[in-house]
Amino acid sequence: MEHNEEFWEASIDELKQGFKEAPDSYTCLLCGEKIDKGMIYPYEGRLYEAERFMKVHIETAHHSVFDYFLTLDKKVTGLTEHQNKLLRLFYQGKSDKEVQKEMGIGSAATIRHHRFALKEKERQAKMFLAMMELLKEKDKHAPAFVPPHKTATMVDDRYNITTDEKESIIQKYFTENKEQLTKFPAKEKQKIVVLREIASSLEHDQTYTEKELNIRLKRYFDDYVLIRRYLIEYGFLDRKQDGSSYWLKK
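Numbering (UniProt numbering), first residue to last: 1 to 250.
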């Protein structure tokens, strides 16, 4: 799944709980799973109303919201691998001494220093969020950007794409009904938009054989091998090493 606008526009409280409430449903911000209100859901011999079942879904599918966030690319979280590991151990309730022993670095005092540095990062993040909220009230010329898909293999200037650019590229390279490509673009930004559009037509939680995937991709473009290769290269698809099955990355 790529993160959609619901994820990026969610409040801090919604991100912490991992789901967003609508008048008739709850939507998991982590994978897009939707739970309808007014229904009773069975799970392992118990019955759950919708909101509680959404929490069960997050626990079973993602372990926890915190654990899910730690799986995201450092371009999304702003965390180094070192900080990521520290946070994971802190979340597990490990003491400074236990963290120091597991990571094999410095002393307990070194871990306390890392805690202080993370707290400083939190303060800076709060200040930056407040400034950006205030900026929104004044900056009337800021374009809307398309957020990178969360499984992107490398986030760089190729992903500097506005919503207007996205629509323009789709109109340029797809037929009017968006069911076929007129040609495959050479420029990186245009490739990303085209590949996202094609990837969005594939079902989540479904595994495709190579033949099934080729049939789906050939609907868009005769050179389906090229499309398949780029979908993997840009992090939209994953596959078994022998190429026997493919699926959308989450």
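C-beta: ideal position from N, C-alpha, C; glycine also. Every value quoted in this text rests on a predicted model; they were computed, and no experiment measured them.
Among residues of its own chain, excluding the 5 on either side of residue i, which ones have a beta-carbon nearer than 6 angstroms to its beta-carbon?
i    : result
L30  : G18, H62 and Y68
Y91  : F66
I169 : Q190 and V193
V155 : K75 and P148
N214 : Y224
I105 : none
H113 : none
Assuming residue i and residue j are in contact, meaning their beta carbons sit under 8 angstroms apart, how far apart are those beta carbons, in whole angstroms?
i    : j    : result
Y173 : I198 : Not confirmed; about 10 angstroms, so no contact.
L129 : Q83  : With a Cβ gap of about 19 angstroms, L129 and Q83 do not count as contacting.
R228 : E188 : Wrong, their Cβ atoms sit about 18 angstroms apart, outside the cutoff.
K37  : D24  : 5 angstroms
I161 : I192 : 7 angstroms
Y230 : L195 : 6 angstroms
I35  : Y26  : 5 angstroms
G32  : H204 : 7 angstroms
Ordered along the chain, which non-local residues of its own chain (more than five positions away) have a Cβ less than 8 angstroms from that of residue i?
i    : result
L89  : E98, V99, E102 and M103
E81  : K74
Q180 : F174, R219, Y220 and F221
K94  : E102
A10  : K20 and L29
K178 : I170 and E197
W8   : P147
R216 : S201, L202 and Y208
T71  : none
What does DSSP give as the partner residue(s) for residue i in the beta ladder?
i    : result
R46  : Y43
C28  : F19
T209 : S245
D36  : S25
R239 : Y246
Might you give, ordered along the chain, the residues of its own chain that have their beta carbon closer than 7 angstroms to the beta carbon of residue i, omitting 5 neighbours on each side?
i    : result
C28  : G18, F19, M54, H57 and I58
A144 : T162 and T163
R239 : I232, S245 and Y246
M39  : A50
Q241 : none
Strictly under 8 angstroms for the Cβ-Cβ distance: is residue i near chain D by that measure?
i    : result
A142 : Protein chains in the displayed structure number just one, and chain D is not present.
If you measure from the CB of residue i, is any heavy atom of the ligand HEM nearer than 7 angstroms?
i    : result
D156 : The ligand HEM is not part of the structure shown, which contains no ligands of any sort.
| message | When you compare the region 242-249 with the region 201-220, are there three or more beta-carbon pairs, one atom per stretch, that lie closer than 8 angstroms? | response | yes
| message | Give the list of continuous alpha helix (DSSP H) stretches no shorter than 4 residues that lie fully inside the region 142-197. | response | Counting only runs of 4+ residues, the alpha helix (DSSP H) found wholly inside the region 142-197 occupies 163-173, in chain order.
| field | Touching by the beta-carbon criterion (3+ pairs, under 8 angstroms), the region 44-53 and the region 75-89 | value | Result no; under three Cβ-Cβ pairs closer than 8 angstroms.
| said: Counting beta carbon pairs with one atom in the region 177-192 and one in the region 219-234, are three or more of them shorter than 8 angstroms? | reply: The region 219-234 is in contact with the region 177-192.
| query | Pairing CB atoms from the region 145-156 with CB atoms from the region 229-241, are three or more of them under 8 angstroms? | reply | As far as the Cβ criterion goes, the region 145-156 touches the region 229-241, which means the pair count is three or higher.
| message | So within the region 47-75, which uninterrupted alpha helix (DSSP H) runs reach at least 4 residues, ignoring any that extend past its ends? | response | 50-62 and 65-70
| message | Going residue by residue through the region 69-122, where are the continuous alpha helix (DSSP H) segments of at least 4 residues, counting only ones entirely within it? | response | 74-77, 81-91 and 96-103
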